[in-house]
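Since the structure comes first, as structure tokens, the remarks are kept for the end.
There are 4 protein chains.
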Amino acid sequence: MFSYRREVTIEWGDCDPAGIVFYPRYFAMFDASTAALFAAALGYNKFEMLSRFGIIGIPMVDTGAKFLQPSKFGDIISIESQIESFRRTSFNVLHRVLRGETLAIEAHETRVWAGRDLANPARIKGVAIPGEVKEAFGV
Amino acid sequence: MFSYRREVTIEWGDCDPAGIVFYPRYFAMFDASTAALFAAALGYNKFEMLSRFGIIGIPMVDTGAKFLQPSKFGDIISIESQIESFRRTSFNVLHRVLRGETLAIEAHETRVWAGRDLANPARIKGVAIPGEVKEAFGV
Amino acid sequence: MFSYRREVTIEWGDCDPAGIVFYPRYFAMFDASTAALFAAALGYNKFEMLSRFGIIGIPMVDTGAKFLQPSKFGDIISIESQIESFRRTSFNVLHRVLRGETLAIEAHETRVWAGRDLANPARIKGVAIPGEVKEAFGV
Amino acid sequence: MFSYRREVTIEWGDCDPAGIVFYPRYFAMFDASTAALFAAALGYNKFEMLSRFGIIGIPMVDTGAKFLQPSKFGDIISIESQIESFRRTSFNVLHRVLRGETLAIEAHETRVWAGRDLANPARIKGVAIPGEVKEAFGV
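Protein chains in written order, with this note's numbering: chain A, 14 to 152; chain B, 14 to 152; chain C, 14 to 152; chain D, 14 to 152.
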């Protein structure tokens, strides 16, 4: 399926006193990579995606990561992202981080295509992922 | 086994444009909770723990979280943390986030008790977890 | 004038490879301190403040800080915050960070009491700070 | 004097519930821009700069920013950075953020070229900025 790869430079501020990436920063990078994956497939960015489809976001419901190799500031990593599967209101994403030829991290995400619950606007609920979004990924 | 609970106020800066916590922030909270768990068991903080045992940190090798309920700024959550198991050089931590009576998140971590590799100081390697650390947790 | 003091524990994830606080983290702490200052004066939190007065936030227009002493993870700092002055639609805040008896940081902020521009909802504009907010600070 | 410009995409996770950048994130961007400015002038990255000159970092001692226009996720900003002046052990940096033709932010920094205090390794102290660093900036 459609995949997207981007390079990220590890910054000083991404790293902890051990000199390696503070792992929550990777999740922020993965969040940006998932946004970039959709933007690459759809041809417009997440801001426009949300307003076009009237959703409030694609919040995380389940995520995990295996950290195989640490990275330090100044390193340049590649993050390769792809949709693993679409369901009616949710989808899975896989991220692989490579440093040179070395696989450094494997991560997975389950996210929801989420709108406001009209019966209770304070609540968020899954809504059906539009066909044109799935089609943009070749599904 | 020994467990530790702390309350965290969700701040404006923890939240995203959907008004709910940007999930990488939870991992930063869990990292602080794991540090607080050790501090509560040992009686001194992580800074002293690292210098006392000559390690460079307790880096993450595997983590995951299920997000069952979102939280928004102003909410106060409880994070309950405990060691699930110790092995020779690594250990598992569980975190449960409660908002009132509601279980909001379940997370797990596998971390390594890590020193410098003396043969290659640029590398990090697992070292044996001291007996007195395990004893502090009643193991 | 009314002031508010809170203690903050410096976490591992707040620190950089030099082992001291990555300074952008202080600004996140100051943002939370300004929210806590208003909550202490008003008796309800920022979430309720925004919905009660129909504003979208109190965005920063000018800030600065002098970093006199670094702090490292495990340190406990006190952040003392107070309103320096209110104007019609904006206000100034001062923060002083103490580590023990030592003054570690002095910071100032100018923020706007901000609503949506009704003529252009994509824009943010200053609106008059309600009298009851100023009164809560004894102005 | 030598200047450096880079483009930064504002990510979802950079933004707050008002939908605009949470301002501490800009300081993290400026920190990365200062690192990139030195890397562009010297021809190698900050990691190598620190090890080559035996310093522990270039910590901030004074910074400030004026936020003239907010940015939202999906926006692409340009950050233009330059050294304003070098002194014996410290230096000033200016950053200008542009969104299209619009000046969005002006910021300044004073940083120290910092080593360990040999008499007290827990302390950080300013050391003389090497001539070859100044020369790389045409000073």
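All C-beta atoms, glycine included, are put in the ideal place defined by N, C-alpha and C.
So does residue i have its beta carbon nearer than 7 Å to some heavy atom of the ligand FMN?
| i | result |
| --- | --- |
| A/A54 | In the structure shown, the ligand FMN is absent, as is every other ligand, since no ligand is present at all. |
Hey, would you say residue i sits closer than 8 Å to residue j, going by beta carbons?
| i | j | result |
| --- | --- | --- |
| A/G139 | D/K59 | no |
| C/I33 | C/S84 | yes |
| A/V110 | A/I96 | no |
Compare the C-alpha of residue i against each of the options and name the closest.
| i | options | result |
| --- | --- | --- |
| D/M42 | D/H108, D/F66, D/W25 and D/W126 | D/H108 |
| A/R101 | A/P134, A/R112 and A/A141 | A/A141 |
| D/P37 | A/I96, A/Y39 and A/G26 | A/G26 |
| B/F218 | B/L111, B/R129, B/S91 and B/P30 | An answer regarding residue 218 of chain B cannot be provided, because it is not within the stretch 14 to 152 covered by chain B. |
| C/V21 | C/N105, C/A127, C/I89 and C/S98 | C/I89 |
| C/F51 | C/W126, C/L131, C/P134 and C/A135 | C/W126 |
| A/V106 | A/F40, A/E24, A/I23 and A/F35 | A/F40 |
| C/E122 | C/I68, C/A54 and C/P72 | C/P72 |
| D/G151 | D/A135, D/L131, D/P134 and D/A54 | D/A54 |
| C/L131 | C/A49, C/A149, C/C28 and C/I68 | C/I68 |
| C/A149 | C/G56, C/S98, C/P134 and C/A135 | C/G56 |
| C/A49 | B/F35, B/F99 and B/E24 | B/E24 |
Thinking residue i and residue j are a contact (beta carbons under 8 Å), I'd like their distance in whole angstroms, please.
| i | j | result |
| --- | --- | --- |
| D/S103 | D/T47 | At roughly 13 Å, the Cβ-Cβ gap does not stay under 8 Å, so D/S103 and D/T47 are not in contact. |
| B/E75 | A/K79 | For clarity, residue 75 of chain B is Asp in the given sequence; the question names Glu instead. Yes, they are in contact, since the Cβ atoms of B/D75 and A/K79 sit about 5 Å apart, within 8 Å. |
| D/G77 | C/A31 | Their Cβ separation, rounded to whole angstroms, is 22 Å, which puts D/G77 and C/A31 out of contact at 8 Å. |
| C/Q82 | C/R124 | Not confirmed; about 26 Å, so no contact. |
Opposite residue i in the DSSP bridges: which residues?
| i | result |
| --- | --- |
| B/S98 | B/N105 |
| C/V125 | C/S103 |
| B/L116 | B/L111 |
| D/H91 | In the sequence on display, residue 91 of chain D carries Ser and not His. Looking at the DSSP assignment, D/S91 forms a beta bridge with D/E20 and D/L111. |
| D/I69 | Its beta-bridge partners do not exist; DSSP assigns none. |
| B/A49 | DSSP, once it has assigned bridges, lists no residue as partnering B/A49. |
| C/N215 | No answer is possible for residue 215 of chain C: the residues shown for chain C start at 14 and end at 152. |
| D/I33 | D/K85 |
| A/F80 | A/I118 |
| A/D75 | A/T123 and B/K79 |
| C/G139 | C/A127 |
Cβ closer than 7 Å: which chain G residues qualify as neighbours of residue i?
| i | result |
| --- | --- |
| D/M73 | Chain labels in this structure do not include chain G; the protein chains are A, B, C and D. |
Given 8 Å, three or more beta-carbon pairs between the region 15-25 of chain B and the region 142-151 of chain C: no
Three-pair Cβ contact test at 8 Å for the region 109-117 of chain C versus the region 62-77 of chain C: no
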